[in-house]
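> Numbering (this note's numbering), first residue to last: 5 to 80.
Even glycine gets a Cβ: it sits at the ideal position worked out from N, Cα and C.
Fair warning: this is a prediction, and the values are worked out from it, not measured in the lab.
Here it is, the structure, as structure tokens.
Dropping the structure here:
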């Protein structure tokens with residue numbers, strides 16, 4: 005499964021971008037830097053190509069190799 009990460013300072017732009025595609029996503033925020041990170045799963049080549057053309061954002065794409073489960077007894 006292909007996973008894409010798009011980093012930038014425009015939350016609304018990232019939301020608009022993500023909602024144009026049918027892929028599940030989440031938007032993370034780092035307030036001390038005013039930085040947002042969009043993470044989308046099971047992306048296709050169209051989303052990856054369009055993300056690469058976004059101005060003012062950094063993009064990374066990876067193949068998911070492994071997913072683990074969290075220990076429910078572990079502290080958060």
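Among 28, 40 and 10, whose alpha-carbon lies nearest the alpha-carbon of residue 56?
Considering only alpha carbons, the answer is 10.
> Residue 32 to residue 14, Cα distance in whole Å?
The straight-line gap from Cα to Cα measures roughly 12 Å.
> Looking at C-alpha atoms only, which residue of 16, 17 and 64 is the closest neighbour of residue 43?
Looking at the Cα atoms, 64 is the closest of the given residues.
> Can you tell me the Cβ-Cβ gap for residue 19 and residue 47, rounded? I've got them flagged as a contact below 8 Å.
Rounded, the Cβ-Cβ distance is 16 Å, inconsistent with contact.
> Would you give the residue range spanned by the beta strand (DSSP E) that residue 21 belongs to?
Unbroken run through residue 21 is the alpha helix (DSSP H), 15-23; no beta strand (DSSP E).
> Considering only residues of the same chain and omitting the five flanking positions on each side of residue 36, which have a CB-CB separation below 6 Å?
Once the five neighbours on either side are set aside, residue 36 has no close Cβ partner at all.
> Measure the alpha-carbon distance for residue 51 versus residue 61 and round it to whole angstroms.
Roughly 14 Å between the two C-alpha positions.
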